[in-house]
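**Q** Encoded as structure tokens, here's the structure I'll be asking about.
Numbering (full-length UniProt numbering), first residue to last: 1 to 408.
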């Protein structure tokens with residue numbers, strides 16, 4: 001950062017006056033925690049006893065043999081409690097909520113993984129919990145909605161706008177403005193006003209720290225390239241943070257949807273359709289029209305279907321430290337199918353974007369090269385979407401029979 005909350009030309013905190021004191025309190029508590037070695041020790045202890053950390057790296061021997069070229073490894077964030085890297089961030093913020101003495105948390109979610117993780121954290125710490133979720137995402141991520149509600153959270157479908165993640169974020173901010181005394185907004189990714197991008201990236205850096213140590217212990221060297229999907233950017237910031245200062249190529253993979261030239265995608269950093277703007281309290285690349293109005297986005301992965309991106313990653317794009325690519329919906333489904341069949345691993349649709357791009361590049365690399373893919377989450381939540389995309393006849397029959405049971 002070169003000034004408060006800025007990463008190069010991006011970031012900042014564009015806030016209504018009523019929220020300034022709340023953000024000042026959050027920044028103060030976060031800064032105190034970051035400067036307190038005991039806090040990080042307690043955080044690591046919590047994650048090791050509650051969330052299965054450290055997550056392993058898995059050598060994908062069959063995929064390596066299938067593609068030839070570079071050896072392929074997978075960082076298994078899907079093995080976290082609740083099935084995604086999201087647990088890292090929410091448990092850290094939960095510890096901050098305890099420090100602030102607040103009793104209620106709210107969150108937004110797209111794919112539902114952040115919502116499930118937040119609801120889990122709230123149950124663990126005894127907080128009241130409300131989750132905002134676009135109406136479209138509620139429909140396509142019904143299993144996660146079920147789990148959030150069973151964990152004790154209130155799930156509020158957002159019917160404004162395009163009824164996806166950006167609209168859920170807007171609604172969560174409206175709640176926070178009116179309930180800030182007792183409520184903390186557990187923002188789910190490395191976006192939003194300062195200090196959220198820096199704070200979320202800090203909690204997620206546990207992924208990269210582990211991966212770096214694990215590679216040195218196992219291989220005595222670092223990977224050649226690291227791939228991570230990019231929606232808001234939290235899992236990418238997490239895994240990349242272990243290698244920023246090394247001679248390791250970092251590749252962020254965005255949702256190319258139906259194609260980068262189709263107008264139906266969510267690619268901010270690898271397409272020419274995005275431009276720099278200010279929205280939702282921070283400055284970054286957004287998909288917006290000439291009047292600054294947010295465009296509609298599309299991705300088969302609800303967690304990548306977002307109009308903005310982390311200001312930290314925007315800065316890395318301008319500095320050339322991270323290369324950004326896209327993967328289409330069709331490439332993603334094929335990557336899911338291949339990973340399941342070859343390795344017995346089910347990546348989330350979000351994570352499968354990173355797999356799809358890595359599969360394109362692996363055959364062009366040397367057997368001496370090593371690829372690391374961050375599997376940010378598991379694909380259980382995507383069963384309806386994946387089954388539809390694969391046009392599976394047995395699944396269709398199952399749904400028909402279930403509908404009959406409910407007299408639908």
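We put the CB at the ideal spot given by N, CA and C, even for glycine. Since we're looking at a predicted model, the values are computed, not measured.
(1) Closer than 8 Å by C-beta to residue 337: which residues in its own chain qualify, once you throw out the five before and the five after it? Chain order, please.
(2) Taking residue 208 as the reference, give the member of 120, 178, 223 with the closest Cα.
(3) Which residues in the same chain have their Cβ closer than 7 Å to the Cβ of residue 172, if we skip the five residues on either side of it in sequence?
(4) Suppose you measure from the CA of residue 239 to the CA of residue 375; what does that come to, to the nearest Å?
(5) Apart from the five residues on each side of it in sequence, which residues of its chain come closer than 7 Å, Cβ to Cβ, to residue 393?
(6) Among residues of its own chain, excluding the 5 on either side of residue 398, which ones have a beta-carbon nearer than 7 Å to its beta-carbon?
(7) Give the DSSP-derived three-state secondary structure of residue 49 in the structure shown.
(8) Nearest-angstrom Cα distance between residue 363 and residue 377?
(9) Per DSSP, what kind of secondary structure is residue 180 in: helix, strand or coil?
(10) Within the stretch 105-187, note down every full alpha helix (DSSP H) run reaching 4 residues or more, in order along the chain.
(11) Does the beta-carbon of residue 174 have 16 or more other beta-carbons within 10 angstroms, so that it is buried, or is it exposed?
(12) Nearest to residue 159 by CA position, among 138, 144, 179, 104, is which residue?
(13) Alpha carbon to alpha carbon, how far is residue 232 from residue 114? Give it in angstroms, no decimals.
(14) Look at residue 39 and residue 284 and say whether their C-beta atoms are less than 7 Å apart.
(15) Would you tell me roughly how many angstroms separate the C-alpha atoms of residue 18 and residue 340, rounded to the nearest one?
(16) Work out the CA separation of residue 26 and residue 262 for me, nearest whole Å.
(17) Any contact of the stretch 341-352 with the stretch 285-293, i.e. 3+ C-beta pairs under 8 Å?
(18) Helix, strand or coil: how does DSSP classify residue 294 here?
(19) Spatial neighbours of residue 34 within its chain, please: CB distance less than 6 Å, with the 5 preceding and 5 following residues excluded, ordered by chain position.
(20) Determine which residues share a DSSP beta bridge with residue 372 and list them.
(21) What residues in its chain sit with their C-beta under 7 Å from that of residue 6, if we drop five residues either side in the sequence?
(22) Pick out whichever of 247, 228, 169 has its Cα sitting closest to the Cα of residue 327.
(23) Return the first residue and the last residue of the alpha helix (DSSP H) that residue 260 is part of.
(24) Measuring CA to CA, which of 320, 180, 242, 177 is closest to residue 204?
(25) Quick one, which of 311, 68, 95 has its alpha-carbon nearest residue 32's?
(26) Just confirm the distance between the C-beta atoms of residue 385 and residue 140, as a whole number of angstroms; I'd bet it's less than 8 Å.
(27) Residue 355 by DSSP, collapsed to three states: which one?
(28) Taking the C-alpha atoms as reference points, what is the distance between residue 404 and residue 395?
(29) Flag this pair as touching only if the stretch 176-194 and the stretch 297-316 have three or more C-beta atom pairs under 8 Å; answer yes or no.
(30) Could you check if residue 221 is buried or exposed, using at least 16 other CB atoms within 10 Å of its CB as the buried criterion?
(31) Please report the straight-line C-alpha distance between residue 45 and residue 234, rounded to a whole angstrom.
(32) Excluding the 5 residues flanking residue 16 on each side, which residues of the same chain have their C-beta closer than 8 Å to its C-beta?
(33) Can you confirm whether the stretch 141-152 touches the stretch 114-124 when touching is taken to mean that 3 or more C-beta pairs between the two stretches lie within less than 8 Å?
(34) Can residue 359 and residue 270 be called in contact, C-beta distance under 7 Å?
(35) So, using beta-carbon positions, are residue 250 and residue 230 closer together than 7 Å?
(36) Does residue 283 come out as helix, strand or coil in the three-state DSSP assignment?
**A** Let me spell this out:
(1) Here residue 337 corresponds to residue number 337 of the chain shown, with the count starting at 1. 390.
(2) Stepping through the chain shown from its first residue, residue 208 is reached at position 208. Checking every option, the nearest Cα to that of residue 208 belongs to 223.
(3) Indexing the chain shown from 1 puts residue 172 at position 172. Cβ within range, chain order: 106, 107, 108, 132, 185.
(4) Mapped onto the chain shown, residue 239 falls at position 239. Mapped onto the chain shown, residue 375 falls at position 375. Taken atom to atom, the span from the alpha-carbon of residue 239 to that of residue 375 is near 10 Å.
(5) In the chain shown, the residue the question calls residue 393 occupies position 393. Contacts found: none.
(6) Reading the chain shown from its first residue, position 398 is the one you call residue 398. Excluding positions up to five away in sequence, the list is empty.
(7) In the chain shown, residue 49 corresponds to position 49, counting from 1. Residue state, collapsed to three classes: helix.
(8) Working through the chain shown from its first residue, we reach residue 363 at position 363. Working through the chain shown from its first residue, we reach residue 377 at position 377. Computed Cα separation, rounded: 25 Å.
(9) Against the chain shown, residue 180 aligns to sequence position 180. Coil, per DSSP.
(10) Segments of the alpha helix (DSSP H) lying fully in the stretch 105-187: 113-125, 135-140, 142-150, 165-179.
(11) Position 174 of the chain shown holds residue 174. Residue 174 counts as exposed, since fewer than 16 other C-beta atoms from the protein chains shown sit within 10 angstroms of its C-beta.
(12) Translated into the one-based positions of the chain shown, residue 159 becomes position 159. Distances from the CA of residue 159 to each of 138, 144, 179, 104 were compared; the closest alpha carbon is that of 138.
(13) One-based indexing of the chain shown puts residue 114 at position 114. One-based indexing of the chain shown puts residue 232 at position 232. Taking the straight line joining both Cα atoms gives about 12 Å.
(14) Your numbering for residue 39 matches position 39 in the chain shown. Your numbering for residue 284 matches position 284 in the chain shown. For residue 39 and residue 284, no; Cβs fall outside 7 Å.
(15) Along the chain shown, one-based indexing puts residue 18 at 18. Along the chain shown, one-based indexing puts residue 340 at 340. Cα to Cα, the separation comes out at about 49 Å.
(16) By 1-based counting over the chain shown, the position of residue 262 is 262. By 1-based counting over the chain shown, the position of residue 26 is 26. Looking at the two C-alpha atoms, the distance is approximately 41 Å.
(17) No, they do not touch.
(18) Counting from one through the chain shown, the residue named residue 294 turns up at place 294. Here DSSP, grouped into helix, strand and coil, assigns residue 294 to strand.
(19) Residue 34 sits at position 34 when you count from the first residue of the chain shown. Nothing meets the Cβ criterion.
(20) Taking the first residue of the chain shown as 1, we reach residue 372 at position 372. Under DSSP, residue 372 shares a beta bridge with 73, 226.
(21) As a position in the chain shown, residue 6 is number 6, starting the count at 1. Hits under 7 Å: 12.
(22) The sequence position of residue 327 within the chain shown is 327, counting from 1. Here the closest residue by C-alpha is 228.
(23) Counted from its first residue, the chain shown places residue 260 at position 260. Note, residue 260: premise wrong, no alpha helix (DSSP H); not H, not E.
(24) Residue numbering aside, residue 204 sits at position 204 when the chain shown is read from its first letter. Ranking 320, 180, 242, 177 by Cα distance to residue 204 puts 242 first.
(25) As a first step, residue 32 is located in the chain shown; it is residue number 32 there, counting from the start. Checking every option, the nearest Cα to that of residue 32 belongs to 95.
(26) Numbered from 1 along the chain shown, position 385 holds the residue referred to as residue 385. Numbered from 1 along the chain shown, position 140 holds the residue referred to as residue 140. Residue 385 to residue 140, Cβ: 6 Å. Contact.
(27) If you number the chain shown from 1, residue 355 lands on position 355. Look at residue 355 here: in three-state DSSP terms it is helix.
(28) Within the chain shown, residue 404 is the residue found at index 404, counting from 1. Within the chain shown, residue 395 is the residue found at index 395, counting from 1. Their backbone Cα atoms lie some 14 Å apart in a straight line.
(29) Cβ pair count under 8 Å is three or more, so yes.
(30) The residue labelled residue 221 in the question sits at position 221 within the chain shown. Classification for residue 221: exposed.
(31) For the purposes of this step, residue 45 is taken as the residue at position 45 of the chain shown. For the purposes of this step, residue 234 is taken as the residue at position 234 of the chain shown. When rounded, the separation of the alpha-carbon atoms in residue 45 and residue 234 is 21 Å.
(32) The residue labelled residue 16 in the question sits at position 16 within the chain shown. These residues qualify, in order along the chain: 177.
(33) They touch, by the three-pair rule.
(34) By one-based count along the chain shown, residue 359 stands at place 359. By one-based count along the chain shown, residue 270 stands at place 270. No; because the gap between Cβ atoms is not below 7 Å, this pair is not in contact.
(35) As a working mapping, residue 250 is identified with position 250 in the chain shown. As a working mapping, residue 230 is identified with position 230 in the chain shown. The Cβ-Cβ distance between residue 250 and residue 230 does not fall below 7 Å.
(36) Along the chain shown, read from residue 1 onward, the residue named residue 283 stands at position 283. In the structure shown, residue 283 sits in a strand (DSSP, three-state: E or B).
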